[in-house]
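Colleague:
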Amino acid sequence: MSALELVRLALSRLRRARVRAALTMLGVVIGVGSVVGLVSVGRGTTARITAQLNSLGTNLLTISPSGGGGDTLTLDDATAIAALDGLAAVAPEIQTQGAVATSATNTTSTSIVGTSAQYAQVRAYDVWQGTFLSPVEVEASLRSVVLGASVATNLGLGADSVGSNVTIEGIPFQVVGILQPKGGSGFNNPDDQVLIPLGTVSKYFVGGTGVRAIGVSVADGVDMQSMKDSISELLRVRHGIGATDTDDFQIFDQTQLLQAASTISDTLTLLLGGIASIALVVGGIGIMNIMLVSVRERTREIGIRKALGARGRDILSQFLIEAVTLSLLGGLIGVVAGLLVSAVIGRLAGWGFIFDPATLVVATAFSLAVGVVFGVWPARQAARLDPVVALRYE
Amino acid sequence: MSLLRLEHVGRDYDMGHVTVQALRDVSMTVERGEMVAIVGPSGSGKTTMMSIIGCLDRPTSGRYELDGRDVGALDDGALADIRSRTIGFVFQSYNLLPGTTALDNVATPLLYQGVPRRERQARAAAALERLGLGERLRHEPTELSGGEQQRVALARALVTNPALVLADEPTGNLPQHQGAEVLRLFQGLHEAGNTILLITHNPEVAAAAQRQIHLLDGAVAGEERAA
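From first to last, the protein sequence lines are chains A and B. Going by the numbering used here, the first sequence opens with residue 30, and the numbers climb by one from there. Going by the numbering used here, the second sequence opens with residue -4, and the numbers climb by one from there.
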């Protein structure tokens, strides 16, 4: 008997027992549906994490003091690093906390960051209105300020406020630009800060030359690790650190964080998929159960078929194909259902619809496997029936 | 060469602590083109005879040859092959496949011979038409009368042109006039040259055959030939 004949036979049988077939398939539908849905939600999460990390700045290395030494990193270090080959931009950051106000009553407390004109490039900020700090303003340590999106909102400043004055800790500054929001909230909100020229900070607010961090954007095509190594070597020499001593700074590679985060997300996806596949196994057991019942109910039919010339393997294939048809159909419906659900969730969560053709292939392969694994035993029972006994079965 | 030959055939059933001898030392032959009835009361071993002659079962002792092949020596696959190509079954309870049209029922034996679908359907339709069921091709068993169902079963037995038509109480479930009609069909087939083996407890049915073999307690009790 050809596979086509068997499929035709299976379909006509399933058509005759529609409700039962539908209920049996439901288990596989739910199993495959949740695997597909959860995996694709997991991928959405990964994609979102990746996108957020990219928004922090591409090819970013962040050098910061370590070991609780405080001011181990200086502006001179930043200047020395900037002289290295292979860097697209360098932005040292000095940070303090202060009140920004437009009037006595309209005031907000925020981070005041002194930096260079390359900060926007290093940290991947886009300017919404006006301009970022210019090299001239930074060089001259002018009282110019660029507002983070949250600060502008808090102070009620809109597009027309570029060129107007605000006070920082009582000292008047001219607003030269307002940044695009990056999103994010709570601690370390990237939109809750104001940016002023590096020299201006030490001139009016904080003494000393210690910097909070030096952001470095590595030029395209330059290996991150080797850049990291050259910066590390430079700083060790400058800081007089012996071969066996530990660094008084750390270089943080953004791709490390990115990899760590997507590893976590991938693991979660795998975990969710694994839990969902339990449902698939339960669905498979449902198929096995119903196929066993079916073999019992159709004992006489099996006897008749054997009397009419069916071999054991004809009967085996008939029941196996029936089980596989159930699981495959269930699997396909499950894939569609899972994709629909993940499309809805993706839309609500804002990462859009992520479709991976591999999911389709894997889900189909799995439902096929479920049909075979859970269909073989009942089918063997059917094939092994003694025709004499089967024909007499009432 | 005889179509079928049984030599000292026995069939024992092992029922745990007792062994039941359903058939003992049965010897008989059936020639091609004969119409033979195996007659006996219930419990005389008729059904076991049918199972063995129909290659659904093997003898535990003795030798059974069908069409020159020693059935006892064949494996399950080869037995299925013989059932498919050499034997056409007609059962007392019709044994049509439920929820399946008359046409598909009749086409099923051809399915197991690997005949392509189109040819299957054509041959099944022709077989049904020969038995006067041309109007009933798409009917399912529950939509047919007993007589019609048995004619479908007969069409199914004949569609493969088997060497042997094996009928187990073919009129057992039918009202008398329908039973008589089915018997006339068998006689017609016999006249057309088919070899027919009727298994029955009913002397009137047996009388339709050329030759009757009486079975009692699993053994041949006698044989009579129609005048």
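The beta carbon of each residue, even a glycine, is placed where N, CA and C say it ideally should be.
1) State the CB to CB distance for the pair Ile374(A) and Val245(A), rounded to an integer number of angstroms; the pair is presumed to be in contact (CB under 8 Å).
2) For Val167(A), tell me which candidate among Ile207(A), Arg342(A), Ala120(A) has the shortest Cα-Cα distance.
3) Does the distance from the CB of Leu18(B) to the CB of Val34(B) come in under 8 Å?
4) Could you check how far apart the C-beta atoms of Val180(A) and Asp155(A) are, in whole angstroms? I think they sit under 8 Å.
5) Using 10 angstroms around the beta-carbon of Gln144(B), count the other beta-carbons present and answer buried if the total reaches 16, otherwise exposed.
6) Run through chain A and tell me which residues come within less than 8 Å of Arg49(B), C-beta to C-beta.
7) In the segment 312 to 370 of chain A, which residue ranges form an unbroken alpha helix (DSSP H) of at least 4 residues, counting only runs that do not cross its ends?
8) Ordered along the chain, which non-local residues of its own chain (more than five positions away) have a Cβ less than 7 Å from that of Leu389(A)?
9) Counting pairs of beta carbons, one from the segment 281 to 297 of chain A and one from the segment 36 to 52 of chain A, are three or more of them closer than 8 Å?
10) The alpha helix (DSSP H) spanning Asn135(A) covers which residue range?
11) Which residues in chain B have a C-beta closer than 8 Å to the C-beta of Val417(A)? List them in chain order.
12) For the alpha helix (DSSP H) holding Pro104(B), just list the boundary residues, first then last.
13) For the alpha helix (DSSP H) that His172(B) lies in, which residues bound it at each end?
14) In three-state DSSP terms, what is Leu90(A)?
15) Taking only three categories from DSSP, how would you classify Ser41(A)?
16) Leaving out five residues on either side along the sequence, give the residues of the same chain with a beta carbon under 7 Å from the beta carbon of Leu297(A).
17) Using a cut-off of 7 Å between C-beta atoms, extract the partners of Ile333(A) located in chain B.
18) To be precise: take each residue of the segment 101 to 112 of chain B, compare its Cβ to all Cβ atoms of chain A, and keep it if any distance is under 8 Å. Which residues remain?
19) Return the CA-CA distance between Leu51(B) and Gln116(B), expressed in angstroms with no decimal places.
20) Under 8 Å, do Leu128(B) and Ala175(B) count as touching if we go by C-beta distance?
21) Since Arg78(B) meets chain A, which of its residues come closer than 9 Å, beta carbon to beta carbon?
22) What are the boundary residues of the beta strand (DSSP E) that includes Trp157(A)?
23) In the DSSP assignment, find the unbroken beta strand (DSSP E) run with Phe278(A) in it and report its ends.
24) Among the residues of its own chain, which have a CB less than 8 Å from the CB of Val322(A), if the five just before and after it don't count?
25) Strictly under 8 Å for the Cβ-Cβ distance: is Asp71(B) near chain A by that measure?
26) Would Thr137(B) be called buried (16 or more neighbouring beta carbons within 10 Å of its own) or exposed?
27) Does the segment 96 to 111 of chain B come within contact of the segment 185 to 203 of chain B, defined as at least 3 CB pairs closer than 8 Å?
28) Can you tell me where the alpha helix (DSSP H) holding Gly109(B) begins and where it ends?
29) Can you tell me whether Ala237(B) is buried or exposed? The criterion is at least 16 other CB atoms within 10 Å of its CB, across all chains shown.
30) I need the DSSP call for Leu210(B), collapsed to helix, strand or coil.
31) Would you call the segment 170 to 189 of chain B and the segment 206 to 221 of chain B touching, i.e. three or more CB-CB distances under 8 Å?
32) So, at 6 Å on beta carbons, what are the nonlocal neighbours of Thr131(A) in its own chain, with the 5 sequence-adjacent residues on each side left out?
33) Under 8 Å between beta-carbons, which chain A residues line up against Ala121(B)? List them in chain order, please.
34) Between which residues of its own chain and Tyr422(A) is the CB-CB distance below 7 Å, once the five residues before and five after are set aside?
35) For the segment 31 to 64 of chain A, which residues have a beta carbon sitting closer than 7 Å to at least one beta carbon of chain B?
Modeller: Put simply:
1) Going by Cβ atoms, the distance from Ile374(A) to Val245(A) rounds to 38 Å, so no, they are not a contact pair.
2) The shortest Cα separation from Val167(A) among Ile207(A), Arg342(A), Ala120(A) belongs to Ala120(A).
3) No.
4) Contact flag wrong, Cβ pair sits at about 16 Å.
5) By the beta-carbon neighbour count (other beta carbons within 10 angstroms, threshold 16), Gln144(B) is buried.
6) Here residue 49(B) turns out to be Gly, not Arg, going by the sequence shown. Those are Ala336, listed as they occur along chain A.
7) As far as the segment 312 to 370 of chain A is concerned, its whole alpha helix (DSSP H) runs of at least 4 residues are 328 to 336.
8) Cβ within range, chain order: Val364.
9) In short, these stretches do not touch, since the Cβ pair count stays below three.
10) DSSP places Asn135(A) outside any alpha helix (DSSP H), giving it a letter other than H or E.
11) Neighbours of Val417(A) on chain B, chain order: Ser46, Leu51, Asp52.
12) Residues 97 to 106.
13) If you look at His172(B), you'll find it in the alpha helix (DSSP H) that goes 171 to 186.
14) Shown here, Leu90(A) sits in a strand according to DSSP, grouped into three states.
15) Helix at Ser41(A).
16) Non-local beta-carbon contacts of Leu297(A) in its own chain, meaning distances under 7 Å to residues more than five positions away in sequence, involve Gly71 in chain order.
17) What Ile333(A) touches in chain B: Asn90, Leu92.
18) Those residues of the segment 101 to 112 of chain B that come within reach of chain A (Cβ to Cβ, closer than 8 Å) are Thr103, Pro104, Leu106, Tyr107, Gln108, Gly109, Arg112.
19) Distance from the CA atom of Leu51(B) to the CA atom of Gln116(B), rounded to whole angstroms, is 26 Å.
20) For Leu128(B) and Ala175(B), no; Cβs fall outside 8 Å.
21) Those are Lys335, Ala336, Leu337, Gly338, Ala339, Pro416, listed as they occur along chain A.
22) Residues 156 to 159.
23) 278 to 282 is the span of the beta strand (DSSP E), which, as asked, contains Phe278(A).
24) The beta carbon of Val322(A) lies closer than 8 Å to none in the same chain, with the five residues before and after it left out.
25) The Cβ of Asp71(B) sits closer than 8 Å to at least one Cβ of chain A.
26) Its Cβ having fewer than 16 others within 10 Å, Thr137(B) is exposed.
27) Segments in contact, no.
28) Element bounds for Gly109(B): n/a, residue is neither H nor E.
29) This structure gives no information on residue 237(B), because the portion of chain B shown stretches from -4 to 222.
30) Leu210(B): strand per DSSP, three-state reduction.
31) In short, these stretches do not touch, since the Cβ pair count stays below three.
32) Residues of the same chain with a CB within less than 6 Å of the CB of Thr131(A), apart from the 5 flanking positions on each side, are Leu184, Val195 in chain order.
33) Within chain A, no residue comes near Ala121(B); the closest Cβ sits about 18 Å away, beyond 8 Å.
34) Around Tyr422(A): Thr328, Arg329, Gly332.
35) The segment 31 to 64 of chain A vs chain B, Cβ under 7 Å: Glu34, Arg45.
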